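Residues are numbered in our numbering as their position in the sequence shown, beginning at 1, plus a constant of 136.
The beta-carbon is built from N, C-alpha and C at its ideal position, and this holds for glycine as well.
Fair warning: this is a prediction, and the values are worked out from it, not measured in the lab.
One structure below.
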Amino acid sequence: MAFLASCDTQYPLTHPHAASAVVMVPPLHFKFNAQTSEDNGFQHAPSLPDEEVKARAMAEFNNMVMILRRHGIDVVVMEYPDSDPATPDAVFPNNWFSTLPSGELYLYPMACPNRQLEVKPERLMTALDRAGYAVNHVHKVKCHDKDDAFLESTGAMVIDHLNQRVYAALSHRCDSILLTEWAAKVGMRQVVSFNTEMSDGNPVYHTNVMMAVGEEFAVVCDEVIEPGQRDLVCNTLSQDKTLVSISESQMNQLCGNILQLRNRHGESLIVMSLSAYSAFTEEQKRTLRQFGKLVPVDVNTIETVGGGSVRCMMGEVFLPRHQAAISG
C-alpha cells in the first residue's frame, strides 16, 4: 500500500462516486478474442457460429441500453463504422478511458494489439460533445521507460472517489509503476495494490472482476488475494464500507463486476448481470439493497464469450455539461 503525499494535481474533492451517465460501445465485431484469452480465464469459446454470437451480443447490448435509460441513466452510445478494423472487445470501453469532473479525459495503454485499436478519442469526444459533455483536456497515460507497461483504466483500477483511493490487483494489464505515476498525477491520496492467485494458479486479469466499490459498500473476492495482503485490503475497505465477501465461484459468475450509478433523480442503482444476481446469496442481496436498487441485466453471451460483464460495458462519464446544455 502506498500513500501519495505529493501530487501533480488535487483530485476533485467534490468528485461524486456514482456517475449518472455512461459511455457504451456497440459490439459490431464481437466474437471470441484469442489474444485476450491468454490471460482472461473468464472467456469461453462458443460452439455457435460467429454471426450468431455477434447477433446475440448486439441484442444484449441494445437491451442493456434500454434498461439503463428506463432507469434514468444517460447512456452515450459511441458509434463507429463496421468498416473499422475489427475490435472484438469494443463492447468493453471502460478499459481505455476515464473522465474527471474537471473536464479531463484520460486515455490508457492496452495490452493486446486488437484492443489497442479500440482507443478512438475523436469518436469518443464527438459522442460526448453531442450528448452535451465538455472535454477540456486529454491526457495519454504512458510509461516513458518501456513499451510493455499497461494500465487498463477502470478494469485494472477500482477507484474509491470519495476517499481518493485506488485499489489494484497487479497483473500484466496493471503495471505497478504506471499505476503509481497515474495516481500521483490525478491526485489520488492512497494506492492499495496487491497480488492475486486463482485456483488455477493464475492472477486475476482485471481488478474489476474481483471487486467493486460503492459509496457505502464494497464487494470483494478476498480468497484470491495473496494471504499476506488480504487483511490489509479488507481492513482498508472496511474503514467506511459495508463489506460483502464473495467466493471464487461467485467471482466466476461475475459478482464482482458490478457498478453503482445514480440516476437523474438521485436514486442509487447497482447494475449487475443476471448471472451475478443469481449467484449472490439472498443475504448478500439484502445487504446490497440497503445501498441501491439492484438492476440485473442479461448479458450471458457477452460475459461468457468476452470474459467481462456489465461493469466492463460502461465507461463512467463524470465530465461537466456544456453551458448550452445546462441552460437549455
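- Residue state for Thr235 is assigned as strand, using DSSP reduced to three classes.
- Under the 10 Å beta carbon count, Asp225 is surrounded by 16 or more other beta carbons and is classified as buried.
- Beta-bridge annotation (DSSP): Gly451 is paired with Val159.
- Between Glu439 and the set Glu384, Gly350, Ser409 and Ser335, the nearest pair of CA atoms involves Ser409.
- Comparing alpha-carbon positions, the option among Phe178, Val227 and Tyr216 lying closest to Arg192 turns out to be Val227.
- Relative to the Cα of Glu188, the nearest Cα in the group Glu352, Thr437, Leu373 and Met347 belongs to Thr437.
- Comparing alpha carbon positions, the residue from Gly323, Val340 and Thr316 closest to Ser238 is Gly323.
- Counting along the chain, Phe330 sits inside the beta strand (DSSP E) bounded by residues Gln326 to Phe330.
- For the 8 Å CB-CB criterion, Asn230 and Thr290 form a contact.
- Annotated three-state conformation of Phe197 is helix, per DSSP.
- Judged by their CB atoms, Val294 and Met347 are nearer to each other than the 8 Å cut-off.
- Straight-line measurement puts the Cα of Ala170 at about 34 Å from the Cα of Leu405.
- By alpha-carbon distance to His165, the top candidate from Leu390, Val446, His458 and Gly442 is Gly442.
- Between Leu379 and Ala354, the C-beta gap is smaller than 8 Å, which places the two residues in contact.
- Arg266 is not a Cβ neighbour of Ala292, given a cutoff of 8 Å.
- In the three-state reduction of the DSSP assignment, Tyr341 falls in the coil class.
- In terms of Cβ geometry, Phe427 and Glu351 form a close pair [threshold 8 Å].
- If you check the CB distance, Pro245 and Ala285 come in under 8 Å.
- Taking 8 Å as the cut-off, the beta carbon of Arg457 is found no closer than this to the beta carbon of Tyr242.
- When secondary structure is reduced to three states using DSSP, Leu315 falls in the helix class.
- A check of alpha carbon separations from Val274 across Pro221, Glu359, Pro257 and Asp283 identifies Pro257 as the nearest.
- Going by beta carbons, Val211 and Gly451 fall outside the 8 Å limit.
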